[in-house]
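Novice:
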Amino acid sequence: MNRILQPLAVIGRYGTQGFVVSLLVGLSLPWLAAAARPLIGVSVFVFLLTSFLRLNGQAFLAVLRSPRRLILSVACTLLVPGIVVSAVKALAGPDLVDPGLGLGLAIYAAAPPIMSSPAVAMLLGVEPALILATVLLTTVAAPVLSPIVADVVAGGSVPLDLTVLVTRLVAIVGGALLTGIVLRRLLGPARIQAHSRSLDGIGVLMYGLFAIAAMDGVLAAAFDRPGRVAAFLGLSVLLSVTGYLVAWLLLRPVPPAERVVLGYATGQRNMGLLIAALGASAPETTFLFFALSQFPIYIGPQVIRLLAGRLLPGR
């Protein structure tokens, strides 16, 4: 067992580097990205599983005992992306948003915050309990809320089979949650904590697989339609930055350190969860927008780190 756990622990120390290397591998080896694409659902499931497995119940309950900030944080991370996307679509006009991009924008608006947000909090030395509770609650609620939000934001121009989407989201999120609870009871918190680095390694491997798969078709699109790729990338950055700024302004009752991380979570969305649920039915244009939205997610922690130095004295 140690022969497996020790290499995983080593891999767990190189999360950020591993993610960017995976993006580059996916771009430079299109055949590998195409082969990995069907495994997006597996990578999302395993990453969710490791997150639920490591859930500290006492810290989570402590946040629930002071619900005001949690309610505000959940409301912000749920509502702001949809409002921002609706504003962008209204400004652009219906003729400039094709159905594939429209579905991509709806997925961005409907997805819960990115699961790595608590890790960003710890990177900045910020207490992660509030952001962890926010991410977990919105992720667990995703099978119910995300299809509704996606349908509303997409409008009639993008037909969605809500029954199929809800069923698949329940299978992914509910399955990961139940498996995580069972494994936590079997292994015990002490053993899980002792092997936290190995769990980090599993997370890095799943993120790597996810990143490689997400690059399927990006290189070909960059050569065939560079203007579209540039526009989608610019749009994904615009959504991320706008979401961050709006959250920073709205979350004034929250301490600045936690506002920084919640702003990041509001701008960066776990689109992979809904892409995994859509499976092969996701249009290529939708998948391209999703793929290019991964770049702000990678760049985001570095930018947030610089912002924290200015906004949070002493960090």
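UniProt numbering puts the first residue of the sequence shown at 1, with every later residue one more than the last.
From the three backbone atoms N, C-alpha and C, an ideal C-beta is built for every residue, glycine too.
These figures come from a predicted structure and were not determined experimentally.
(1) Does the distance from the CB of Gly234 to the CB of Tyr264 come in under 8 Å?
(2) Taking 8 Å as the cut-off, does the stretch 63-72 touch the stretch 192-206 (at least 3 CB pairs, one atom from each stretch)?
(3) Any contact between the stretch 33-48 and the stretch 274-281? By contact I mean 3 or more CB pairs, one from each, below 8 Å.
(4) For Pro143, name the three-state secondary structure that DSSP assigns.
(5) Could you tell me the distance, in whole angstroms, from the CA atom of Leu61 to the CA atom of Ala119?
(6) Just the Cα atoms here: how many angstroms apart are Ala211 and Gln294?
(7) Considering only residues of the same chain and omitting the five flanking positions on each side of Ala214, which have a CB-CB separation below 6 Å?
(8) For the putative contact between Ala154 and Leu103, defined by C-beta atoms under 8 Å, what is the C-beta separation to the nearest angstrom?
(9) Kindly indicate which three-state DSSP category Pro113 falls into: helix, strand or coil?
(10) Under 7 Å from any heavy atom of the ligand FAD, does the C-beta of Ala121 make it?
(11) Closer than 8 Å by C-beta to Leu177: which residues in its own chain qualify, once you throw out the five before and the five after it? Chain order, please.
(12) Using the beta-carbon count (16 or more within 10 Å), is Trp31 buried or exposed?
Specialist: Reading it off the structure:
(1) Contact flag unset, no.
(2) no
(3) Taking 8 Å as the limit for Cβ pairs, the verdict is that the stretch 274-281 does touch the stretch 33-48.
(4) Note: Pro143 maps to helix in three-state DSSP.
(5) 19 Å
(6) 8 Å
(7) Ala291 and Gln294
(8) 6 Å
(9) strand
(10) The model depicted lacks the ligand FAD and carries no ligand whatsoever.
(11) Leu48, Phe52 and Val140
(12) exposed
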